[in-house]
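Just so you know, we're using the working numbering here: the sequence shown kicks off at 2 and counts up by one. Let me begin by presenting the structure, written as structure tokens, before commenting on it.
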Amino acid sequence: MKKIGRKSFIRQLSTVSAASLVAASCGPGSNESSSTAPNIISNKKYRWYMVTTWPPNFPIIGTGINRFAELVNIMSQGQLEIRVYGGGELIPPLEVFDAVSSGTAQIGHGASYYWTGKVPAAQFFTTVPFGLNSQQQSAWIHHGGGIELWKKIYESYNLVPFVAGNTNIQMGGWFNKEINTVEDFQSLKMRIPGLAGKILKEVGATPVLVAGGEIYTNLERGVIDATEWLGPFHDQLMGFQRIAKYYYTPGWHEPGSSLELIVNKKDFDGLPDHLKAILEVCAGHLNDQMGSEFLWKNAQALEEMKNNSKLDIRTFDDSVLAALQNKTKETLENLSSEDDLIKEVFNSYSNFGKTIRPYSDISEKLYYTMLTS
Numbered sequence: 002m003k004k005i006g007r008k009s010f011i012r013q014l015s016t017v018s019a020a021s022l023v024a025a026s027c028g029p030g031s032n033e034s035s036s037t038a039p040n041i042i043s044n045k046k047y048r049w050y051m052v053t054t055w056p057p058n059f060p061i062i063g064t065g066i067n068r069f070a071e072l073v074n075i076m077s078q079g080q081l082e083i084r085v086y087g088g089g090e091l092i093p094p095l096e097v098f099d100a101v102s103s104g105t106a107q108i109g110h111g112a113s114y115y116w117t118g119k120v121p122a123a124q125f126f127t128t129v130p131f132g133l134n135s136q137q138q139s140a141w142i143h144h145g146g147g148i149e150l151w152k153k154i155y156e157s158y159n160l161v162p163f164v165a166g167n168t169n170i171q172m173g174g175w176f177n178k179e180i181n182t183v184e185d186f187q188s189l190k191m192r193i194p195g196l197a198g199k200i201l202k203e204v205g206a207t208p209v210l211v212a213g214g215e216i217y218t219n220l221e222r223g224v225i226d227a228t229e230w231l232g233p234f235h236d237q238l239m240g241f242q243r244i245a246k247y248y249y250t251p252g253w254h255e256p257g258s259s260l261e262l263i264v265n266k267k268d269f270d271g272l273p274d275h276l277k278a279i280l281e282v283c284a285g286h287l288n289d290q291m292g293s294e295f296l297w298k299n300a301q302a303l304e305e306m307k308n309n310s311k312l313d314i315r316t317f318d319d320s321v322l323a324a325l326q327n328k329t330k331e332t333l334e335n336l337s338s339e340d341d342l343i344k345e346v347f348n349s350y351s352n353f354g355k356t357i358r359p360y361s362d363i364s365e366k367l368y369y370t371m372l373t374s
């Protein structure tokens, strides 16, 4: 993949294509039909619009989505063609859920925790602070009852969800002050979304929502004191290593973030079975490829960052992590007591974790401990 500079990367985060906004007035994708039977292999062609929460050609995620669309076209021999639009090209990034739900677009890609304000239980299908890692998250969704709950919740919104990508565990964030105790979060302004923001607020911090294209400038000018983003690869592209002194790990707030593919249910049900299967297989392929690409490129970027003599890579103190974990537990229990749907998903998620972690402790955890001892 062609290497891009920080300025180009920022432009991708903040630029809205005027030409694409004109395209929005042309209406949704069309179905070119020589047959109306949905489940018979025929010459019927489908032309779909795909909207995403990511900037056009966003490294790893956006480029992965482009490959997904190409693969669907190849496997269907041109019967299902998906035209991908980055966030802001056709609709604003955070309107993807509504656009696909209403049928304005047939398919979308994003992260389910973006819709927490609309669907509070959705955040569990992306990640939970101190929750499951990427492998465990995938196992819960596919084999622990997660996908059934996900489909149940999204059905009322006329959507069919698929897992389609994972960032793996993220980093803890960039800070311009040391975090030695949980009290050091007091009055700290940090760019951090979702449930993790609520937890930091509980320990005295001020969570701030800042658009991706504005993070660098706000951190540089002191508008915010800290930020989290994705991981070493994307963080390096953003240039945070030039303006923040401390880079903390681990990413307690996002231990294994799953991304989602959402399809308008009416359009999905109208597809022949072989095209439905192609979408499912290609989503699974995207999930595997994206996770492995994140892992490799983050490892490479971290090695490059270590050569920066001004950068101090730190690990959160155990007491800090313990305090944040306790607040996470309290917050989740409170949310469950207030919302029956959250309670149902949380119980499924928690029970799966109780079953999977003992095995992880005597397998992967023990193996990694042995390697580093």
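Where is the CB? At the ideal position from N, CA and C, for every residue including glycine.
{"query": "Should the stretch 144 to 158 be regarded as contacting the stretch 54 to 67, the criterion being three or more beta carbon pairs within less than 8 Å?", "result": "no"}
{"query": "Is T128 helix, strand or coil when you go by DSSP?", "result": "coil"}
{"query": "Kindly indicate the opening and closing residues of the alpha helix (DSSP H) around D226.", "result": "Segment: none, D226 is in no alpha helix (DSSP H) and carries neither H nor E."}
{"query": "Based on DSSP bridge pairs, tell me the residues matched to D313.", "result": "Y247"}
{"query": "Based on DSSP bridge pairs, tell me the residues matched to R192.", "result": "V209 and T228"}
{"query": "Apply the 10 Å Cβ neighbour rule to A165 and answer buried if 16 or more other Cβ atoms are within range, or exposed otherwise.", "result": "buried"}
{"query": "Rounded to whole angstroms, what's the CA-CA distance from D319 to N74? Just pull it up for me.", "result": "49 Å"}
{"query": "Please report the distance separating the alpha-carbon of L312 from that of L333.", "result": "35 Å"}
{"query": "Go to W175, then tell me how far its beta strand (DSSP E) extends in each direction, as first and last residue.", "result": "G174 to F176"}
{"query": "Let me know if W49 comes out buried or exposed under the rule of 16 or more other beta-carbons within 10 Å of its beta-carbon.", "result": "buried"}
{"query": "For the alpha helix (DSSP H) containing A123, name the first residue and the last one.", "result": "From DSSP, A123 is part of no alpha helix (DSSP H); its letter is neither H nor E."}
{"query": "Can you give me the Cβ contacts of H254 inside the same chain, cut-off strictly under 6 Å, excluding the 5 residues immediately before and after it?", "result": "P130 and A197"}
{"query": "Provide the residue(s) that pair with Y217 in DSSP beta bridges, ordered along the chain.", "result": "Its beta-bridge partners do not exist; DSSP assigns none."}
{"query": "Under DSSP, the beta strand (DSSP E) around S259 begins and ends at which residues?", "result": "S259 to N265"}
{"query": "According to the Cβ coordinates, are L160 and K307 closer than 8 Å?", "result": "no"}
{"query": "Smallest Cα separation from G195: which of D340, G271 and Y114?", "result": "Y114"}
{"query": "Looking only at C-alpha atoms, which of L81, L72, S310 and I170 sits nearest to G292?", "result": "I170"}
{"query": "If you draw a straight line from the C-alpha of Q107 to the C-alpha of N67, how long is it?", "result": "16 Å"}
{"query": "Would N406 and G354 qualify as a contact pair, given that the criterion is a beta-carbon distance under 8 Å?", "result": "There is simply no residue 406 to check, as the chain begins at 2 and stops at 374 in what is shown."}
{"query": "Whose C-beta lies closer than 8 Å to the C-beta of T117 among residues of the same chain, with five residues either side of it excluded?", "result": "A123, Q124, G195 and L196"}
{"query": "Does the structure place the stretch 202 to 214 close enough to the stretch 142 to 151 that three or more beta carbon pairs sit under 8 Å?", "result": "no"}
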